[in-house]
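Below: one structure, written as structure tokens.
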Amino acid sequence: MSEKVTAIIPAKGMSNRLPSKNTLEFGESNLLVHKIRQLKQVDAITEVIVSSEDDDILTMADKEGARAIKRPYEYSAETLPFQDFLYYITGEAREDHVMWACCTSPMVGADVYRKGCKTYFEKLKEGYDSLITVMEYHHYLLDKDMKPYTFKWGPEHRNSQDLDKLYFFTDGIQLAPKASMREWYYYFGHNPYGMEVDLKTSTDIDTIFDYLLARMQYHMDDDAMMAKGINSKDGEAVYHYVLGKMISQLSDEKLAKALMEMPDEMKLPFFLKVPEAALKWSDFSPCSLV
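In terms of numbering that gives the first Met the number 0, the sequence shown opens at residue 0 and continues consecutively.
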């Protein structure tokens with residue numbers, strides 16, 4: 000088998016919990032385009048497939064150089080089990096290895112994908128059958144009867160960082176041989192290698208709160224903040240830095256609308272706190288802001 004990978008992006012147009020989540024604005028574009036561009040920076044990934052029932056999504060994918068495949072209705076409406084969809088779409092892959100790569104994991108960047116592919120092929124030779132991204136999980140969990148599950152009650156109680164190590168499946172990367180995925184009807188096997196990622200990289204957008212968090216995380220670049228003299232542990236300074244970066248990416252029309260809708264008592268504090276460089280002052284008439 001060659002060491003080449005087909006990345007599959009499942010991108011339904013319909014979503015109950017967060018409408019149109021796969022094409023929400025993100026970074027320089029939207030979540031779908033952002034993900035395609037990340038994947039196309041990885042040499043081992045020679046094909047990117049976008050599967051959707053939505054024509055607009057397929058058009059976006061095609062413009063970005065991905066292979067856009069119209070998803071049959073029965074798979075989009077979930078009238079058939081997910082396993083059937085996985086078997087169907089992996090059959091479209093042209094390479095021997097398949098990666099599941101969701102738009103909703105935007106903080107999994109090209110560097111993580113490169114590391115994932117390299118580690119995956121190394122671990123296959125060691126006897127692992129697949130690779131997934133995971134994050135260490137140290138939290139106090141209770142069972143259904145409200146009894147301690149991951150910790151002990153009373154004198155044996157321990158700090159959370161000292162609890163037995165568990166792992167959270169992040170849904171960032173699932174990578175396995177195409178033939179194995181189709182045999183398992185699943186995207187990883189019984190002996191996966193867990194590649195650990197940090198909290199930021201583990202972000203998975205499923206709700207509006209996840210989305211807002213990811214939008215802020217996108218701008219939390221420690222090196223860039225350090226260059227501006229901002230301590231990455233100074234919550235207030237980081238907040239205003241990130242807010243300014245987010246505003247600088249808004250179109251003039253969107254920014255003007257946001258400012259027009261802002262209550263009068265908030266406008267002055269807003270302008271005092273947002274970094275001056277983040278705003279195109281000349282684009283606005285003072286009269287439009289009051």
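Glycine included, C-beta positions come from ideal geometry on N, C-alpha and C.
Item, Value
"Quick check on ASN29: does DSSP put it in helix, strand or coil?", "strand"
"Tell me which residue opens and which closes the alpha helix (DSSP H) that VAL111 is part of.", "109-124"
"Please report the distance separating the alpha-carbon of CYS116 from that of ALA43.", "7 Å"
"If you measure between the beta carbons of GLN160 and ALA109, is that distance less than 8 Å?", "no"
"Find the nearest neighbour of PHE168 within the set GLU94, ALA175, VAL196, GLU77, judged by alpha-carbon distance.", "VAL196"
"Out of ARG214, MET106, ALA178, which one is the CA nearest neighbour of ASP128?", "ALA178"
"How about the stretch 44-53 and the stretch 3-13: do they share at least three Cβ pairs that are nearer than 8 Å?", "yes"
"Could I get the ranges of all uninterrupted alpha helix (DSSP H) runs contained in the stretch 42-103, with 4 residues as the minimum, in chain order?", "54-62, 72-75, 81-89"
"Could you give the first and the last residue of the continuous alpha helix (DSSP H) run that contains GLN173?", "It is not in any alpha helix (DSSP H) - GLN173 instead sits in the beta strand (DSSP E) that spans 165-176."
"If you draw a straight line from the C-alpha of HIS33 to the C-alpha of MET59, how long is it?", "11 Å"
"Look up LEU267 in the DSSP assignment and say whether it is helix, strand or coil.", "With a pLDDT of 49 at LEU267, under the threshold of 50, the modelled position of that residue is not reliable, and the figure given next carries that caveat. Three-state result, LEU267: helix."
"Kindly indicate which three-state DSSP category ASN230 falls into: helix, strand or coil?", "coil"
"Since ILE207 is in the alpha helix (DSSP H), which residue starts that stretch and which ends it?", "207-216"
"Out of curiosity, what's the CA-to-CA distance linking GLU24 and ASP83?", "31 Å"
"Go ahead and pull the three-state DSSP assignment for VAL196.", "coil"
"Under a Cβ-count criterion, where at least 16 other Cβ atoms within 10 Å of its own Cβ denotes burial, should PRO154 be classed as buried or exposed?", "exposed"
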